[in-house]
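Sequential numbering from 9 applies to the first sequence in my numbering.
All C-beta atoms, glycine included, are put in the ideal place defined by N, C-alpha and C.
Predicted model only: the values in this text are computed from it and were never measured.
Heads up: the structure comes next, in C-alpha cells.
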Amino acid sequence: MKVTLPDGTELQLAEGATGGDAALAIGEGLARAALAIEVNGELRDLARPLPDGAEISIITGKSPEALELVRHDTAHVLAAAVMELYPGVKISIGPAIENGFYYDFDFPEGAEVSDADFERIEQKMREHVKAKEQFTREDISVQDAIEKFKAEGQDYKVELIEDLITNEGAETVSLYTNGPFTDLCRGPHATDTGKIKAFKLTSIAGAYWRGDANRQMLTRIYGTAFLSKEDLQQHLELIEEAKKRDHRRLGKQLDLFHFNEVSPGSPFWHPNGMKIWNALHELWTEQNSLRGYNRVKTPILLDVDLWKISGHWDKYRDNMYFTDVEERPMGIKPMNCPAHIQIYKNDRRSYRDLPIRYSEDGLVHRHEPSGTLHGLMRVRHITQDDAHIFCTEEQIQDEVIQCLRFGFYIYEIFGFEPSLELSTRPEQRVGDDATWDRAEAALENALKAEGLPYDLNPGDGAFYGPKIDLHMKDSLGRSWQLGTVQLDFSMPERFELSYTGDDNEEHRPVMIHRALFGSFERFIGILIEHYGGEFPLWLAPVQVRVVPVSDKHNDFSNQLADRLLEAGLRPHVDERSESVGRKIRDAELAKAPLMWVVGDEEQQTETVAPRRRHHEGEPERVPIADAIEQLRAEVAARTRAE
RNA sequence: GCCGGGAUAGCUCAGCUGGUAGAGCAACCGCCUUGUAAGCGGUAGGUCAGGGGUUCGAGUCCCCUUCCCGGCUCCA
C-alpha cells in the first residue's frame, strides 16, 4: 500500500503499516519526534494502521496541534495520579483547553483536596511521566464498556456512554490505557507519557457535572503542560506579567476607586478614577448628540406593576431590589427600557417622528449573585451608556448597522478589536416564533451587510429578543461583554406602543436596545487592563506632573499649572521638598504621561522641556505656549499612542 | 448561589509545631534645596475582618458570619 505525504510524494508501505511505521520510513529522527499523525485531515494515534492511499502528515512538537495533544495526555496522567492517591474517586471528563487542561473528579466523602495537595499529586504524575507509559487504544462494545465502568463504580463514565448511544447511536467506544489507568476517551494521544516535557497544576475549583447547577458539584483540577521547560517557564512569567495589569490592582495603585464591605459589588470612585470617567462621558455625550440621539433622564425607582408588564418581574425578581414607598411597592430599575418607554408613550407618535433615539447614562441595580462579582467587570451598581431606538420594521436594518458602525468608531479610538456574537432565542422567552424569526434574520442581515465576522451563540439571546454583542478579553484572557445591540418586538407589544402611519392607521414600532461601552464600570475596567494603567493623554487622570527643581520654583510651577488648567488640562504640581530624581520616579510610578521639570532655566526663558513617560535622557525644550497648544491638540484628537 | 482558598499597620508582605506582633514603602516631624527613576535622621501607626468556642494562655486550633480571590452556574 502507499500513502501521500504533505509535499505530494508517495510512500510505499507494507500492508497494515501504522502511522509510526510511516514516520520511521521517512526518517529515524522524525519517528522519535512523532507524537501523532494526521490521516486524511483527522488526527490519530501513531499506533493505528493506515488506510491505503491516505494523505498523511506526521505531527511533531513543532505542529500547532502538539500542545493540545500533550495537554490532553497530561490530563490522563493527572487522573491516573489522583486515582492512585484517592482510592474510590470517581472520574468524569478531562479535556485540553486554551492554555492547559483540566480533569473533573468526584472525591470520596471526607477527602478534602486543595491546592496544598498539588505537590504530592504532581510528584505522582512525574512518576508516570518518567515511566514513559504507552498510550494504548482499545475499541470495545458499548455494552462491555458500560459493564466495565459499572463494575468499577464509575457512574459518570456510564452516563457518558449511555449518552453516546442515545445521541450518536454509538455501538463501540474507545478506551485509552496508560500504565495502570484506563479512561473512556475519543483520543488521539501521543505514543507515551514521556512526551510530556513540562507540566504544572495551576488551580482547583468546583464545577457542576455537565455544567448543570442542579447536579453534582465536582472538583476540577486545572493544569498546564508544554513541550519544554522553557515554554512552561515563559507561560508562567506571562501570567505574572498579566496579573500586574489587573484593574483591581491598578485601581488601588493609581488611586482610581475602591470596593468596600458597606456596599459589595459597588465601586467607590476616587477623584483620579472620575477623571477617566469624565473623559469617557464627554466622548459619550459628544458622539450621541452627533448621531441623532436625544439624552433623557429617568427615575431609579419605578412601580412594581411596570416590571410586571415588562416581564422583568417574572424572570428577574430574585435579582432585583424592591422597596415600599408609602406602602406602594416599587422596584429599583435593573434596566432603563421601561422608563424610556414612558417617555415614548407620553405623546402620540407619527411615522414622521421615527426613528426616535433616546440615550441615558442610566444607573441600574442588579443583585448579581455574590460569587459572580468581579472588580469593575461585574458589579451590582451599573451605569449603562444606554439607548433605545423606536423605529419601524423597515428601519431596523439601517438602524442596527448604524449602531454597529457607531460601536466600531468608539472601539477604534481605544484600539479595541472586539469579537462579535449573535445570540438567538433562549428557552425562556416572550413573543412568538415568527417574530423571533424576523428579529434574528434582521440582525444576521445587518452583520452580513457590513461584512463582519461573528460567532453564533444559539439560545443566548435576551428574553425579549436576539442580540449582537461586542466582547473584549481582560488581561487574563477572560471574555467580557461590552457593547450590545438588541432587537425587541416584545416590549412594544407589552406596553402597547404605537405610531400613526401614513395610512392614518396605528402601527406597532420596534425597539432597539443599544449600549456601546456596555457599562462605564466594565468599560473602564477593560481600559485599565488594556493600557496597563498607562492611559493616553486624553484619559490620564493627571496629564502633566509639574516637577519644580527646588522649593523656590514652586510658585512658577503653580503658575504653569494654572495655565494648563485654563487650557482645560489636568496638571499636578509635586511641591514636596524632594530631589528631582525622586519626583520623576514617583511621576513614573503614577504613570503620568508627561512631566515638566522646571527650574531657573525654564523660568528665565519661558520654556518647558516636556518629558514623556518612560523617556530617557533630557528632553527638548519648547516655548510654554507651544507646549500647551500641542497638548490641547493631542487631547482633542484623543490620540491613542504615545 | 455552589466548591476550594484567603483576610495581620495606609500599601506589599513576614510571623516554625499555641507563650501576648514585625519589615520595607507610604504618612508625620526635622535637616538637605536638589536638573530627569529612590538624599539623610527621627516619630507615630495594629480590638491580627467580626462574633463565639477550646486552652492557664489564641494572629496561630475549632465553629459561625461578612468580604475578597480562583473556578462553576448565572449575567435582562
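First through last residue of the alpha helix (DSSP H) which encompasses residue i
i, result
"Asp563", "Asn562 to Glu574"
"Lys10", "Per DSSP, Lys10 belongs to no alpha helix (DSSP H); it is in the beta strand (DSSP E), Lys10 to Thr12."
"His320", "His320 to Tyr324"
"Glu596", "Val588 to Leu597"
"Gly16", "First-last for Gly16: undefined, no H or E at that position."
"Gly195", "No alpha helix (DSSP H) contains Gly195, which DSSP labels as neither H nor E."
"Ile34", "Gly27 to Ile34"
DSSP-derived helix/strand/coil call for residue i
i, result
"Ala644", "helix"
"Tyr329", "coil"
"Tyr94", "coil"
"Met282", "helix"
"Asn296", "helix"
"Met338", "strand"
"Tyr301", "coil"
"Ser6", "Because the chain here runs from 9 to 650, residue 6 falls outside it and cannot be looked at."
"Phe414", "helix"
"Asp355", "coil"
"Asn186", "strand"
"Glu290", "helix"
"His84", "helix"
"Pro57", "strand"
"Leu38", "helix"
"Val557", "coil"
Sub-8 angstroms separation of residue i and residue j beta-carbons
i, j, result
"Asn465", "Leu430", "yes"
"Ala470", "Gln405", "no"
"Pro363", "Gln403", "yes"
"Ile317", "Leu505", "no"
"Arg374", "Ala395", "no"
"Ala206", "Ser236", "yes"
"Ala87", "Ile105", "no"
"Ile229", "Val304", "no"
"Leu597", "Pro618", "no"
"Tyr301", "Ser358", "no"
"Arg621", "Ala641", "no"
"Met338", "Asp482", "no"
"Cys345", "Pro517", "no"
"Asp361", "Tyr164", "no"
"Val616", "Trp546", "no"
"Phe564", "Val606", "yes"
"Val11", "Ala30", "yes"
"Leu192", "Ile169", "yes"
"Trp277", "Asp369", "no"
"Lys208", "Leu240", "yes"
"Asp123", "Ala198", "no"
"Ile536", "His136", "no"
For residue i, the first and last residue of its enclosing beta strand (DSSP E)
i, result
"Arg52", "Glu50 to Arg52"
"Ala395", "His389 to Cys399"
"Pro579", "Pro579 to Val581"
"Ile45", "Ala42 to Val47"
"Glu501", "Unbroken run through Glu501 is the alpha helix (DSSP H), Ser498 to Arg502; no beta strand (DSSP E)."
"Glu368", "Ile364 to His373"
"Asp311", "Leu309 to Asp311"
Item to check | Within the region 421 to 484, ranges of the beta strand (DSSP E) (whole runs, at least 3 residues) | outcome: Whole beta strand (DSSP E) segments, 3+ residues: 427 to 431, 463 to 465 and 475 to 481.
Checklist entry - Below 8 angstroms, can you find three or more Cβ-Cβ pairs linking the region 135 to 144 to the region 190 to 207? => result Yes, the region 135 to 144 touches the region 190 to 207.
Item to check | Touch test, the region 482 to 496 against the region 547 to 562, Cβ-Cβ under 8 angstroms, three pairs minimum | outcome: The region 482 to 496 vs the region 547 to 562: no contact.
Checklist entry - Is the number of C-beta pairs between the region 516 to 524 and the region 265 to 281 that are closer than 8 angstroms three or more? => result Segments in contact, no.
Item to check | Ranges of the alpha helix (DSSP H) found wholly within the region 603 to 641, counting only runs of at least 4 | outcome: For the region 603 to 641, whole alpha helix (DSSP H) runs of length 4 or above, ordered along the chain, are 608 to 613.
Next on the checklist: I want to know whether the region 474 to 484 touches the region 417 to 430 - three or more CB-CB distances under 8 angstroms.
Outcome noted: Yes: the two stretches touch, three or more of their Cβ pairs being nearer than 8 angstroms.
Item to check | Sufficient close CB pairs (3 or more, under 8 angstroms) joining the region 524 to 540 to the region 435 to 453 | outcome: At 8 angstroms Cβ cutoff, the stretches do not touch.
Checklist entry - Between the region 184 to 191 and the region 59 to 72, do at least 3 Cβ pairs fall closer than 8 angstroms? => result By the Cβ rule, the region 184 to 191 does not count as touching the region 59 to 72, because fewer than three pairs are nearer than 8 angstroms.
Checklist entry - In the region 109 to 167, which residue ranges form an unbroken alpha helix (DSSP H) of at least 4 residues, counting only runs that do not cross its ends? => result If only complete runs of 4 or more residues are kept, the region 109 to 167 shows the alpha helix (DSSP H) at 126 to 138 and 150 to 159, in order along the chain.
Next on the checklist: If we require 3 or more residues per run, which beta strand (DSSP E) segments fall completely within the region 514 to 554?
Outcome noted: Here the runs fully enclosed are 518 to 527.
Next on the checklist: Taking 8 angstroms as the cut-off, does the region 46 to 59 touch the region 142 to 162 (at least 3 CB pairs, one atom from each stretch)?
Outcome noted: In short, these stretches touch, since the Cβ pair count reaches three.
Next on the checklist: Closer than 8 angstroms is the cut-off here; do at least three beta carbon pairs connect the region 112 to 120 with the region 212 to 226?
Outcome noted: Yes, the region 112 to 120 is in contact with the region 212 to 226.
Checklist entry - Which runs of the alpha helix (DSSP H) spanning at least 4 residues fall entirely within the region 204 to 280, listed in chain order? => result Scanning the region 204 to 280 from its first residue to its last, the whole alpha helix (DSSP H) runs of 4-plus residues come out as 237 to 252 and 255 to 261.
Checklist entry - If we count Cβ pairs, one from each stretch, closer than 8 angstroms, do we get three or more for the region 316 to 333 versus the region 375 to 386? => result Short answer: they touch.
Checklist entry - Pairing CB atoms from the region 305 to 313 with CB atoms from the region 572 to 579, are three or more of them under 8 angstroms? => result Verdict: no, contact absent.
Next on the checklist: With three or more beta-carbon pairs closer than 8 angstroms as the criterion, would you say the region 65 to 81 touches the region 31 to 49?
Outcome noted: Counting Cβ pairs under 8 angstroms, three or more are found: they touch.
Item to check | Inter-stretch contact (C-beta, 8 angstroms, three-pair minimum) for the region 155 to 174 and the region 125 to 132 | outcome: At 8 angstroms Cβ cutoff, the stretches do not touch.
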